[in-house]
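In the numbering used here, the protein residues as written are 11 to 520.
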């Protein structure tokens, strides 16, 4: 896993590096500029020119260091300054004098030649602290960078593209669109959330000398970027002396007339993710349709009709006996007593419970029921469901995904899986994991049902909640990526993910 730091956390890390680890800000800038220069050298054509466009802050200082290293290596380097020279930070000013020692004198941007294919333009205007849209000469500089890119030059952003809010991925207008972003020390949220991720291009991380101990010293949510090895290694290799009872029995409370496919997809996803046994509990009028999807699914009829309510409690408690995980919500009929029923179930079962779809809409009426849980609870909302849970607009949820996921996990005591581009897994203790897999083709009905089934299966097999949910989310997204690579995104449907999951397990040797 890779650590991801907000702008404030990065400031704290730099302060800790200087005060406790012998890494003054000047040395960090030197290391950042050197790493930036190395990436630019890789991208420069043999006869190409590098133009470094520098602002007056420390991001501009990083660019000045990079220009010095590029010049020392024999590259053709030009430096354009934007903004008031009198406002240069002390470190940037020091590096300006050092650059002049190599015979490079920064000039105004409008004196720069037009760039072309083989040239590299370095955006060192703004760093991680930008909180408003660039204006004046800075906006004009961003437009020049856009024209150079359109003419064929490669644009490299120092830390974050100028015009991008590094904590959220919000792109102000104007905003640099980079081909490559060189991030210093740690990843930043805005490089990973859309639309920022698209603006960053290929993100390359360079070591500037801040070790993991520095990152551990910062306050606020601990945001971690999942890697495939994290997910793969969480899944144990199956032993020869095992049987179906070894791998958990998942109870799925899902489906209703007209929505039996949701229950079937949860059950099939659980089976395709290694669950030893899966039982679906649903209304008698729906059960036969669910079981018709596959002979491996077992059924439990809830002997009534209409929405789930307190009258179903005894039947569901009996069905939960001997089960290792419970998945509830996809396709259920929701009524005035559904939230109370969920609260009673949570207070009486000790196995992990995954709540999805209409189970989430039910508890949105009374989030206090989540605090009654005896066992671990996992919530898997999409942005619309999250807006109902938090009584906020979907737009607000999408603009502040990290904050809302962290806040709901902390207030509810549940692990929260906020689905969407870069799905987030937020733990009650403060850690938040960001998932890199998945694609827009998975924006289709039933994808979430498949995910809840995978979660239930892995938790039912005894994986700890953190690693089980992270592995489920990563594998689910990777299944979609593998299917899309063969069939395209446009025609991808949720049941395709079931085959994709099998491809994931083969890829992981499981």
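Built from N, CA and C at the ideal position, the CB exists for glycine as well.
| Check | Outcome |
| --- | --- |
| Residue 390 to residue 59 span [Cα, whole Å] | 50 angstroms |
| Beta-ladder partner(s) of residue 188, from DSSP | In DSSP, residue 188 forms no bridge with anything. |
| 7 angstroms Cβ shell around residue 28 - same chain, five flanking residues per side excluded | 34, 35 |
| Delimiting residues of the beta strand (DSSP E) encompassing residue 259 | 259-263 |
| Helix, strand or coil at residue 167 according to DSSP, with G and I counted as helix | strand |
| Residue 375 - DSSP class collapsed to helix/strand/coil | coil |
| Nearest neighbour of residue 5, chosen from 311, 385, 508 [CA to CA] | The structure shown has nothing for residue 5, since the chain only spans 11 to 520. |
| CB contact flag (residue 488, residue 514, <7 angstroms) | yes |
| Buried versus exposed, by CB contacts within 10 Å (16 or more), residue 90 | buried |
| Reduced DSSP secondary structure (H/G/I, E/B, other) of residue 348 | helix |
| Assigned secondary structure, residue 271 (DSSP; H/G/I helix, E/B strand, else coil) | helix |
| Nearest residue (CA-CA) to residue 495, options 483, 451, 472 | 451 |
| Local Cβ density within 10 Å of residue 486, reported as buried at 16 or more and exposed below that | buried |
| Beta-carbon gap between residue 3 and residue 134 smaller than 7 angstroms | Here the chain covers residues 11 to 520 and nothing more, so residue 3 does not appear. |
| Cβ-Cβ distance between residue 448 and residue 490 below 7 angstroms | yes |
| Cβ-Cβ distance between residue 165 and residue 151 below 7 angstroms | no |
| Residue environment, residue 232, which counts as buried when at least 16 other CB atoms sit within 10 Å | buried |
| Per DSSP, cross-strand counterpart(s) of residue 86 | 59 |
| The segment 262-276 touching the segment 455-473, judged by at least three CB pairs closer than 8 angstroms | yes |
| Length-filtered (3 minimum) beta strand (DSSP E) runs lying within the segment 425-477 | 425-428, 434-436, 441-444 |
| CB-CB length for residue 119 against residue 92, believed under 8 angstroms | 6 angstroms |
| Alpha-carbon spacing of residue 366 relative to residue 17, whole angstroms | 33 angstroms |
| Simplified DSSP assignment, three categories, for residue 33 | coil |
| Residue of 359, 352, 510 minimising C-alpha distance to residue 320 | 352 |
| Collapsed DSSP secondary structure at residue 77 in the structure displayed | helix |
| Local conformation of residue 136 per DSSP, three classes | coil |
| Length of the line joining the Cα atoms of residue 79 and residue 430 | 41 angstroms |
| Continuous alpha helix (DSSP H) assignments of at least 4 residues falling wholly in the segment 291-351 | 294-301, 323-330 |
| Where the alpha helix (DSSP H) containing residue 158 begins and where it ends | 146-160 |
| Own chain partners of residue 214 with C-beta closer than 8 angstroms, once the 5 adjacent residues on each side are dropped | 49, 190, 191, 192, 193 |
| Neighbourhood of residue 255 by C-beta, 7 angstroms cutoff - its chain only, sequence neighbours within 5 removed | 286 |
| Endpoints, alpha helix (DSSP H) assigned at residue 175 | Per DSSP, residue 175 belongs to no alpha helix (DSSP H) and is neither H nor E. |
| Inter-residue Cα distance where the pair is residue 257 and residue 472 | 8 angstroms |
| Whole-angstrom distance between residue 249 and residue 288, CA atom to CA atom | 21 angstroms |
| Heavy atom of the ligand ZN within 6 angstroms of residue 468 beta-carbon | Only the bare structure without any ligand can be found here, which leaves the ligand ZN out of the picture. |
| Within 7 angstroms, strictly: CB atoms of residue 309 and residue 290 | yes |
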